[in-house]
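Participant: Just dropping this structure here.
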Amino acid sequence: MQAALQYIFSGLAMGGIYALVALGFHIMWSSAKAVNFAHGDTLMLGAVLTIMGIDAGLPLPVAAAGSIAASCIFGVLLERFAVRPFAKSATSIGWMLTTIAVGIMLEALVTMEFGGFSRPLPSPGVSQAIFIFGAGVYPQELLIPVFAIAVMLGFGWMQRRTLIGRAMQAVAFDRNAAALMGINVNFVFALSFAIAATLGGAAGILIAPVTQASSTMGLIIGLKGFAVAIIGGITSAPGVVIAGLAFGVIEKFVEGYISTAAREIIGFSLTILVLLIFPQGLFGKREVFKV
Amino acid sequence: MQRLTCPLYLAAIVAVGLASTSAFAQQEPCIGNSGPLTGPAAFGGAAVKYGAEIAIDEINAKGGVLGKKLRFVQYDDAGAPPRGVDNTRRIALADKCIAIFGGYHSTVGLAQVDPVNEIGIPYIGTIAANTKIIENGKSPNYMFRVSAKDKWVAQFLVEQAIKSSKNGKIAFIYENTGWGNGAIPDIKAAMQAKGKELVATETFNWNDQDMSAQAIRIKDAGADTLLIWGLDREGNQILRSLDKIGYKPTKIAAWGLAGNLGELAGPLANGVRVMQTFSWMGEMDGKTKALWDKIQKKYGLKDPSDLKMGSGTANAYDAVYILAKAIEKAGAYDWKKVREALYTVEHDGLVAKYSPAFDKSNPERQDAILPQFYKLTAWHDGKLLPLAQTPYAVSQ
Chain A
21 MQAALQYIFS GLAMGGIYAL VALGFHIMWS SAKAVNFAHG DTLMLGAVLT
71 IMGIDAGLPL PVAAAGSIAA SCIFGVLLER FAVRPFAKSA TSIGWMLTTI
121 AVGIMLEALV TMEFGGFSRP LPSPGVSQAI FIFGAGVYPQ ELLIPVFAIA
171 VMLGFGWMQR RTLIGRAMQA VAFDRNAAAL MGINVNFVFA LSFAIAATLG
221 GAAGILIAPV TQASSTMGLI IGLKGFAVAI IGGITSAPGV VIAGLAFGVI
271 EKFVEGYIST AAREIIGFSL TILVLLIFPQ GLFGKREVFK V
Chain B
70 MQRLTCPLYL AAIVAVGLAS TSAFAQQEPC IGNSGPLTGP AAFGGAAVKY
120 GAEIAIDEIN AKGGVLGKKL RFVQYDDAGA PPRGVDNTRR IALADKCIAI
170 FGGYHSTVGL AQVDPVNEIG IPYIGTIAAN TKIIENGKSP NYMFRVSAKD
220 KWVAQFLVEQ AIKSSKNGKI AFIYENTGWG NGAIPDIKAA MQAKGKELVA
270 TETFNWNDQD MSAQAIRIKD AGADTLLIWG LDREGNQILR SLDKIGYKPT
320 KIAAWGLAGN LGELAGPLAN GVRVMQTFSW MGEMDGKTKA LWDKIQKKYG
370 LKDPSDLKMG SGTANAYDAV YILAKAIEKA GAYDWKKVRE ALYTVEHDGL
420 VAKYSPAFDK SNPERQDAIL PQFYKLTAWH DGKLLPLAQT PYAVSQ
């Protein structure tokens, strides 16, 4: 019982990380119909820049704010130069390669500047584990899924209630019609990438005390985050969050009751199985492309 | 027809070129090294460079070897075996270096075994500890090492574990890589030699963020001592997962945890014992201090803790001296003669007293540093100190 509880807590923390990455994919997809495939590296950028800021003598809040701002700018530049020229129509796929390329370049650059070692991001949230019915968890770990749910609710509210949110949905539905209605499509694209990157940078800072910051930290979480986005249905924010948390918990139970080595095999088998049964993801809406 | 013959000419020229290098057998006074200069293990390349260059500077200041000044030539392999093989050929055939030093990654070292023995250039490992790099079954074997050997490390760690364990139950957790998997048979054999079995054997992957499942199983097995075969990043996650389930076994690790575990895990790292061949931390003796001052000055390091994988630096430093003595004994910059001379070198080094450095009659003794020279260090308040200088020495 205590072990099961431990797996649930640890799984929610890991799942929260996947959910945060998957939400980034959702935000980009839900207006631009394109994503930054290397979104995991945006989290890495947020975490690494914060530590570099602290190294340079800045206080933590300033370093964090600076790195979130830098992540936002990164998102805008990425959209402008690596996505927009390659996503002229809804069926273009050039952006897949270009965003992956940017991610690899970013990783190499960070390795040169930041070094190859993992570095800790100090936080009071990981100094002492708290025990709930005998299962230990760091407060920081609990914060991750909470933050993911908050982002999900906030973005959902924005989509439904604000003009810009509706514009994003309109652009996603039909970019040509939206443009004819007077919506600045390019601005909406840039905005969605900026929001995703800003949240990504913040998420990176949030998870770094748990995962440690390193140039390669974005790779696996980016990949799993994308898998989770597809399983949950990339068009549904609650879908990707539920899928993310569930994926994290399932992984822990596989590790706990079957074996550590079986984790990826079972995890990705489940991914394929879900897609066979629900091609749009568990909570996704069917999307119609007009040719 | 013209098209076909052209490559043939080229091949002929290359073949003549290759033949001529071995015919004249006069190599250059340089020491080559293939190691990670970029990527996550770049510190491993730097560690070797520091030790080798300082030793070379010292030797050159006294006039070099056989009247020639030594040089150090380092190429990047980023941990990729094919690049390590390319670099090996480049060092041996283009630069014609008298010897090649091994780098950080065992996978690269294993890939170098064949080209090194085909070409016949003496290779001296300085970090990578995989047993089969040296015990490769080749004869004549050009692979030597002035570093730890996993087989002996396993025996050393198991001995320490048995000494510190109260209930005799020892568990093992290792990374799922060439290095980690290579250690399982060594650890099991070392346990068996002591008439014991591991109560739990667990594994993890690079970048895993949580090891609570493994930690719970190890705890359930009743182990009071845990052997760890992994690197700092995952080592930190192991410590955190142990902490989360409120379980405090004695932790004894191979030298993968000799990097920045103290920084990553903070107080949780306190008391983790790590095997090393050398420690730059804590109180230094005169010789070490003088050497550290040189390293500090030349490479702008602030604190000994900036010297990651410092064992590699000390190993490379000793390896240069052993090689220099062998060249002098051989009386020529000649691969074959130097290889023979390596078996006769006596040297009182930084890490160990080598008498002789290598033993021709024993294939196990192409490794120079015997387990009796391995050192146990322990993390204490962010520093990895010799065990005797920590509060954990008494509990041994």
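So the sequences go chain by chain: A and B.
Every position in the first sequence, counted from 1, becomes a number in the working numbering once 20 is added.
Every position in the second sequence, counted from 1, becomes a number in the working numbering once 69 is added.
Here a beta-carbon is modelled for each residue, glycine too, at the ideal position from N, C-alpha and C.
1. Classify A/Q300 as helix, strand or coil using the three-state DSSP reduction.
2. Please decide whether B/Q143 counts as near chain A, where near means a Cβ-Cβ distance under 8 Å.
3. Could you check where the beta strand (DSSP E) with B/F241 kicks off and where it finishes?
4. Would you say B/S281 lies against chain A (beta-carbon separation less than 8 Å)?
5. Name the chain A residues whose beta carbon is nearer than 9 Å to that of B/N107?
6. Identify the continuous beta strand (DSSP E) that holds B/R158 and give its terminal residues.
7. Per DSSP, which residues does B/E271 bridge with? Please list them.
8. Between A/I270, A/P159, A/V68 and A/I227, which lies nearest to A/G86 when the distance is taken from Cα to Cα?
9. Determine, using beta carbons only, whether A/G202 and A/I251 come nearer to each other than 8 Å.
10. Does the Cβ of A/V146 have 16 or more other Cβ atoms within 10 Å, making it buried, or fewer, making it exposed?
11. In its own chain, which residues sit with a C-beta less than 6 Å from the C-beta of B/I203, not counting the 5 before and 5 after it?
12. Can you confirm whether A/V157, when its beta carbon is compared against all beta carbons of chain B, has any partner nearer than 8 Å?
13. Suppose the cutoff is 7 Å on Cβ atoms and the five residues either side in sequence are ignored; what does the same chain contact list for B/K288 look like?
14. If the cut is a Cβ gap below 9 Å, which residues of chain B does A/P229 touch?
15. Give me the chain A residues within the contact set of B/N271, using Cβ-Cβ distance strictly less than 8 Å, ordered along the chain.
16. Could you tell me the boundaries of the beta strand (DSSP E) in which B/A168 lies?
17. Output, in chain order, the set of chain D residues within a Cβ distance shorter than 7 Å of A/K244.
18. Tell me whether B/V174 sits in a helix, a strand or coil according to DSSP, three-state version.
19. Around the C-beta of A/A39, are 16 or more other C-beta atoms found within 10 angstroms, so that it is buried, or is it exposed?
20. Quick one: measure Cβ to Cβ for A/S30 and A/F134, integer angstroms, because I've assumed they're closer than 8 Å.
21. Could you tell me whether the Cβ of B/Y461 comes closer than 8 Å to any Cβ of chain A?
22. Are the Cβ atoms of A/A247 and A/S91 separated by less than 8 Å?
23. Please confirm whether A/E99 has its beta-carbon closer than 8 Å to some beta-carbon of chain B.
24. The alpha helix (DSSP H) spanning A/I169 covers which residue range?
25. Could one say the Cβ of B/L333 lies closer than 8 Å to chain A's Cβ atoms, at least one of them?
26. State the start and end residues of the unbroken alpha helix (DSSP H) segment that holds B/D219.
27. Does any CB atom of chain A fall closer than 8 Å to the CB of B/G328?
28. Below 8 Å, can you find three or more Cβ-Cβ pairs linking the segment 180 to 187 of chain A to the segment 56 to 75 of chain A?
29. Using beta carbons (cut-off 8 Å, strictly below), is A/T236 in contact with chain B?
30. Give the DSSP-derived three-state secondary structure of B/P98 in the structure shown.
31. Using a beta-carbon distance below 8 Å, is B/S91 in contact with chain A?
32. Going by DSSP, what residue range makes up the beta strand (DSSP E) through B/A140?
33. Grouping DSSP H, G and I as helix and E and B as strand, with all else coil, what is B/D372?
34. Quick test of the definition: if touching needs 3 or more C-beta pairs under 8 Å, does the segment 134 to 150 of chain B touch the segment 95 to 114 of chain B?
35. Along the chain, where does the alpha helix (DSSP H) containing A/G123 start, and where does it finish?
36. How many whole angstroms separate the CB atoms of B/L448 and B/N339, which I take to be in contact at a CB cut-off of 8 Å?
Facilitator: To lay it out plainly:
1. Taking the first sequence and counting its residues from 1, one reaches residue 300 of chain A at position 280. In the structure shown, A/Q300 sits in coil (DSSP, three-state: anything other than H, G, I, E or B).
2. Residue mapping note: residue 143 of chain B aligns to position 74 of the second sequence, counting from 1. So no, B/Q143 is outside the interface.
3. Stepping through the second sequence from its first residue, residue 241 of chain B is reached at position 172. B/F241 -> beta strand (DSSP E) spans I239 to E244.
4. As a first step, residue 281 of chain B must be located in the second sequence, where it is residue number 212. At least one chain A Cβ lies under 8 Å of B/S281.
5. As a position in the second sequence, residue 107 of chain B is number 38, starting the count at 1. Going by the sequence as given, residue 107 of chain B is Thr instead of Asn. Simply A128, T131, M132 and G136.
6. Counted from its first residue, the second sequence places residue 158 of chain B at position 89. Not the beta strand (DSSP E): B/R158 falls in the alpha helix (DSSP H), residues P150 to R158.
7. Here residue 271 of chain B corresponds to residue number 202 of the second sequence, with the count starting at 1. B/E271 is bridged to B/I242.
8. Indexing the first sequence from 1 puts residue 86 of chain A at position 66. Selected option, being the one with the closest Cα: A/V68.
9. Taking the first sequence and counting its residues from 1, the one referred to as residue 202 of chain A is at position 182. Taking the first sequence and counting its residues from 1, the one referred to as residue 251 of chain A is at position 231. The answer is no: Cβ separation not under 8 Å.
10. On the first sequence, position 126 is the one that residue 146 of chain A refers to. Buried, by the Cβ-count rule.
11. Against the second sequence, residue 203 of chain B aligns to sequence position 134. Closer than 6 Å at the Cβ level, and outside the excluded window around B/I203, lie M212, R214, Q435 and D436.
12. Position 137 of the first sequence, counted from the first residue, corresponds to residue 157 of chain A. Taking Cβ atoms only, chain B reaches closer than 8 Å to A/V157, which makes this a yes.
13. Reading the second sequence from its first residue, position 219 is the one you call residue 288 of chain B. So the list reads I314 and Y316, once near-sequence residues are dropped.
14. Working through the first sequence from its first residue, we reach residue 229 of chain A at position 209. Chain B residues near A/P229: none, gap ~10 Å exceeds 9 Å.
15. Here residue 271 of chain B refers to the residue found at position 202 when the second sequence is read from its first residue. Just to set this straight, residue 271 of chain B is Glu in the shown sequence, not Asn. In chain order: T280.
16. By one-based count along the second sequence, residue 168 of chain B stands at place 99. C166 to F170 is the span of the beta strand (DSSP E), which, as asked, contains B/A168.
17. Although the question refers to chain D, the structure presented lacks it and instead comprises the protein chains A and B.
18. One-based indexing of the second sequence puts residue 174 of chain B at position 105. It is His, not Val, that sits at residue 174 of chain B in the sequence shown. Coil.
19. Residue numbering aside, residue 39 of chain A sits at position 19 when the first sequence is read from its first letter. Around the beta-carbon of A/A39, 16 or more other beta-carbon atoms lie within 10 Å, marking it buried.
20. Counting from 1 along the first sequence, the entry for residue 30 of chain A is found at position 10. Counting from 1 along the first sequence, the entry for residue 134 of chain A is found at position 114. Between A/F134 and A/S30 the Cβ distance is about 27 Å, and since that is not below 8 Å, they are no contact.
21. The residue labelled residue 461 of chain B in the question sits at position 392 within the second sequence. Not one chain A Cβ lies under 8 Å of B/Y461.
22. Residue mapping note: residue 247 of chain A aligns to position 227 of the first sequence, counting from 1. Residue mapping note: residue 91 of chain A aligns to position 71 of the first sequence, counting from 1. No.
23. One-based indexing of the first sequence puts residue 99 of chain A at position 79. Answer no: the Cβ-Cβ gap between A/E99 and chain B never drops below 8 Å.
24. Residue numbering aside, residue 169 of chain A sits at position 149 when the first sequence is read from its first letter. P159 to R181 is the span of the alpha helix (DSSP H), which, as asked, contains A/I169.
25. Along the second sequence, one-based indexing puts residue 333 of chain B at 264. Yes, B/L333 counts as interfacial toward chain A.
26. Counted from its first residue, the second sequence places residue 219 of chain B at position 150. Its alpha helix (DSSP H) spans residues D219 to S233.
27. Here residue 328 of chain B refers to the residue found at position 259 of the second sequence. At least one CB of chain A lies nearer than 8 Å to the CB of B/G328.
28. Cβ pair count under 8 Å is below three, so no.
29. Start at 1 with the first residue of the first sequence, and residue 236 of chain A comes out as number 216. With 8 Å as the cut-off, A/T236 counts as an interface residue toward chain B.
30. Here residue 98 of chain B is taken as the residue at index 29 of the second sequence, counted from 1. Of the three classes helix, strand and coil, the one that applies to B/P98 here is strand, per DSSP.
31. Along the second sequence, one-based indexing puts residue 91 of chain B at 22. Confidence at B/S91 is low in this model, with a pLDDT of 45, below 50, so its placement is unreliable and the value that follows should be read with caution. Not one chain A Cβ lies under 8 Å of B/S91.
32. Taking the second sequence and counting its residues from 1, the one referred to as residue 140 of chain B is at position 71. Here the sequence assigns Arg to residue 140 of chain B, which means Ala is not the residue at that position. For B/R140, the enclosing beta strand (DSSP E) starts and ends at R140 to D145.
33. Counting from 1 along the second sequence, the entry for residue 372 of chain B is found at position 303. Residue state, collapsed to three classes: coil.
34. yes
35. In the first sequence, the residue the question calls residue 123 of chain A occupies position 103. G114 to F134 is the span of the alpha helix (DSSP H), which, as asked, contains A/G123.
36. Here residue 448 of chain B refers to the residue found at position 379 of the second sequence. Here residue 339 of chain B refers to the residue found at position 270 of the second sequence. Checking the sequence shown, residue 448 of chain B turns out to be Trp, not Leu. Correct: roughly 6 Å between the Cβ atoms.
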